[in-house]
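What follows is a short report on a single structure.
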Amino acid sequence: MVPEKLTFSPLSRRQIEADFSGGHITSDAGLLLLREVDKHHRLTRRLATVLHDPRAPEQLRHKLDTLVRQRVFGVAAGYEDFNDHEALRYDQALQTALGEEDTLAGKSTLCRVEQNADRQAIVKAHELLWHHFIEQHDEPPKEIVLDFDGTDIPVHGEQPGKFFNRYYDHHCYFPLYVFCGRHLLVSYLRTSDRSDSRHSWAILALLVRFIRQYWPDTRIVLRGDSHFCRPRMLNWCDRHHVDYIVGIAKNSRLLKEVDVPMMLVRKTQWQVGGKVAETFRFPYQAHSWKYPRWVVARLEEGELGSNPRFIISSRYDDGFKLYYEQYCARGDMENRIKDQQLSLFADRTSSTHWWANQWRLILSGFAYTLFERLRTYLKHTPFARMSPSNLRLKLIKVGAVIIRNTRRIRVLMSDSYPYKTALSDLVRRLVPN
């Protein structure tokens with residue numbers, strides 16, 4: 549069959565023609581980098597072990613670990629839907645990254661694998677993330693901070709557990725995320741008809757129990773916004789020697805406590821003319837608390853008026869340090885959640901099966917973890933602080949011609965690829981001679 553010829557408007561006197569006879573060309577040659585990272589850490593191979601495979605062994609064409617790797621690598625490369633794999637299954641860069649020589653699985657096979665996910669698989673997948681987190685440390689750290697936060701995933705179809713959330717003003721899910729620095733520990737799907745702190749106490753208890761099996765002397769700190777200021781959670785932390793620094797919502801009693809210092813801040817603002825901020829510490833006991841706790845008030849006065857904020861901390865530390873250096877640092881977690889939702893498609897929860905939707909959060913989380921492990925080889929380079937979307941654009945989306953024969957696989961990238969020096973250095977780190 550003669551390839552269809554495409555004709556574009558001419559350049560000077562020269563005709564511009566194109567067709568689809570270029571052979572095996574890929575836009576994702578950088579997937580070979582993720583292949584090396586995955587080989588080092590065995591992330592997708594371990595993830596495949598949590599799924600039950602009901603298929604008859606004698607009829608298998610695609611191994612389970614290959615199917616899981618295909619989905620994770622697809623998400624990492626920017627392909628969020630099963631339909632994408634109807635064409636991707638023929639992409640030789642993806643085939644090579646998966647260690648396969650022939651056509652990969654199509655959308656139907658991948659969909660059936662996803663439907664096999666259940667509660668047990670999700671629990672084991674999270675345990676894998678926790679084990680992997682421990683493995684990344686040569687020795688126990690003195691202190692770790694567990695950041696808890698939730699976000700919304702809009703729901704547009706008839707997915708199970710769909711509820712309207714008044715705060716977000718749409719039907720949605722409300723997953724809970726837990727990070728320690730840049731390490732993802734939990735991506736737990738929840739319905740949006742309960743409080744933001746739903747199940748967070750139980751997840752904290754499981755995490756602390758797991759971490760202390762390996763690091764019994766490590767100081768653990770819970771950090772979260774006012775949604776996690778719940779008596780049961782704070783009492784549990786006190787009993788189990790877990791520090792916390794969490795927000796607390798404004799109320800009339802708190803505002804009355806800071807009347808005098810707020811007047812002083814306001815007076816200073818009138819004198820200097822710019823924004824003024826100060827901190828003030830005081831003991832406070834809510835009606836549902838058994839004993840008082842220390843509250844730090846951030847008192848800010850500016851052109852828009854007063855803006856007091858309050859946090860509770862189990863530490864008696866400098867107020868500025870507690871609020872600005874420790875509590876405000878939790879804002880970086882929001883960037884990590886954006887990586888999950890916007891860059892790695894954790895919001896593609898369109899399945900009519902609850903656990904399949906939860907499995908998609910797990911796939912996104914493992915794709916994120918692959919990028920984080922890739923980042924460890926990029927220290928002291930301009931790529932070290934890039935988001936997964938930027939890493940994908942610059943290091944994964946690499947055009948190349950692929951030539952395969954019985955002796956070798958050649959990946960021929962463009963001589964004008966702008967990051968070829970960085971890519972060469974990265975390959976030498978990943979695959980030392």
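Residues 549 to 981 in our numbering are what the sequence shown spells out, letter by letter. All residues carry an ideal CB built from backbone N, CA and C; glycine is no exception. As the structure is a computational prediction, the values presented were derived from the model and not from experiment.
(1) Using 10 angstroms around the beta-carbon of V769, count the other beta-carbons present and answer buried if the total reaches 16, otherwise exposed.
(2) Would you call the CB atoms of F858 and I796 closer than 7 Å?
(3) So, at 6 Å on beta carbons, what are the nonlocal neighbours of I885 in its own chain, with the 5 sequence-adjacent residues on each side left out?
(4) How about R921 and H685: are their beta carbons less than 7 Å apart?
(5) One question on the structure: do A904 and E662 come within less than 7 Å of each other, judged by their Cβ atoms?
(6) Should H719 and F712 be called a contact, given that it needs their Cβ atoms to be closer than 7 Å?
(7) Which of helix, strand or coil does DSSP assign to A915?
(8) With burial defined as no fewer than 16 other Cβ atoms inside 10 Å of the residue's Cβ, what is the status of E848: buried or exposed?
(9) Using the Cα positions of S575 and R940, report the straight-line distance between them to the nearest angstrom.
(10) Can you give me the C-alpha to C-alpha distance between F681 and K815, rounded to a whole angstrom?
(11) Take S501 and list the residues in its own chain whose beta-carbon comes closer than 7 Å to its own, dropping the five residues that flank it on each side.
(12) Between the C-alpha atoms of L581 and I951, what's the straight-line distance to the nearest angstrom?
(13) For A845 and P831, which I take to be in contact (beta-carbon distance under 8 Å), what is that distance rounded to the nearest angstrom?
(14) Nearest to E565 by alpha carbon, out of G853, N883, F556 and I759?
(15) Could you give the DSSP three-state label for F828: helix, strand or coil?
(16) Kindly list the residues whose CB is nearer than 6 Å to the CB of V545, restricted to its own chain and excluding five residues on each side of it in sequence; keep chain order.
(17) Count Cβ pairs between the segment 875-883 and the segment 621-639 that sit closer than 8 Å; are there 3 or more?
(18) With distances taken between CB atoms, is the gap from L737 to Q906 smaller than 7 Å?
(19) What does the Cβ neighbour count give for L852, buried or exposed, with the cut at 16 atoms within 10 Å?
(20) Only counting the same chain, and skipping five residues up and downstream in sequence, which positions put a Cβ closer than 8 Å to that of W784?
(21) Specify the secondary structure class of E584 as computed by DSSP and reduced to three states.
(22) What's the gap between the Cα of F893 and the Cα of A932?
(23) Output yes or no for whether 7 Å exceeds the beta carbon distance between R771 and D695.
(24) Tell me whether W678 is buried or exposed, calling it buried when 16 or more other Cβ atoms sit within 10 Å of its Cβ.
(25) Under the DSSP definition of a beta bridge, which residues are partnered with I759?
(26) Is I957 closer than 7 Å to T614 when the C-beta atoms are compared?
(27) Would L652 pass as a contact of Q607 if the rule is Cβ separation under 7 Å?
(28) Do you know whose CA, among E628, E687 and D895, lies nearest W763's CA?
(29) Along the chain, where does the alpha helix (DSSP H) containing R498 start, and where does it finish?
(30) Could you have a look at T766 and say whether DSSP puts it in helix, strand or coil?
(31) What does a CB cutoff of less than 6 Å around D601 pick up in its chain, not counting 5 residues either side in sequence?
(32) Could you tell me which residues DSSP puts in a beta bridge with N713?
(33) From D567 to T929, what does the alpha carbon distance come to, in whole angstroms?
(34) Compute the Euclidean distance between the alpha carbons of E826 and R923, then round it to the nearest angstrom.
(35) According to DSSP, W749 sits in a beta bridge with which residue or residues?
(36) Going by the CB atoms, is the gap between P809 and F828 shorter than 7 Å?
This is what the structure gives:
(1) buried
(2) yes
(3) T699 and Y725
(4) no
(5) yes
(6) yes
(7) helix
(8) buried
(9) 11 Å
(10) 49 Å
(11) Residue 501 cannot be examined here, being either before or after the span of the chain that is shown, 549 to 981.
(12) 18 Å
(13) Rounded, the Cβ-Cβ distance is 12 Å, inconsistent with contact.
(14) F556
(15) strand
(16) The chain is shown only over 549 to 981; residue 545 falls outside these bounds and no answer can be derived.
(17) no
(18) yes
(19) exposed
(20) W749, L752, A753 and V790
(21) helix
(22) 22 Å
(23) yes
(24) buried
(25) Paired residue(s): none; I759 is not in a bridge.
(26) no
(27) no
(28) E687
(29) Residue 498 is absent from the structure shown; the chain starts at 549 and stops at 981.
(30) coil
(31) L612
(32) H718
(33) 39 Å
(34) 38 Å
(35) Paired residues: none, contrary to the question.
(36) yes
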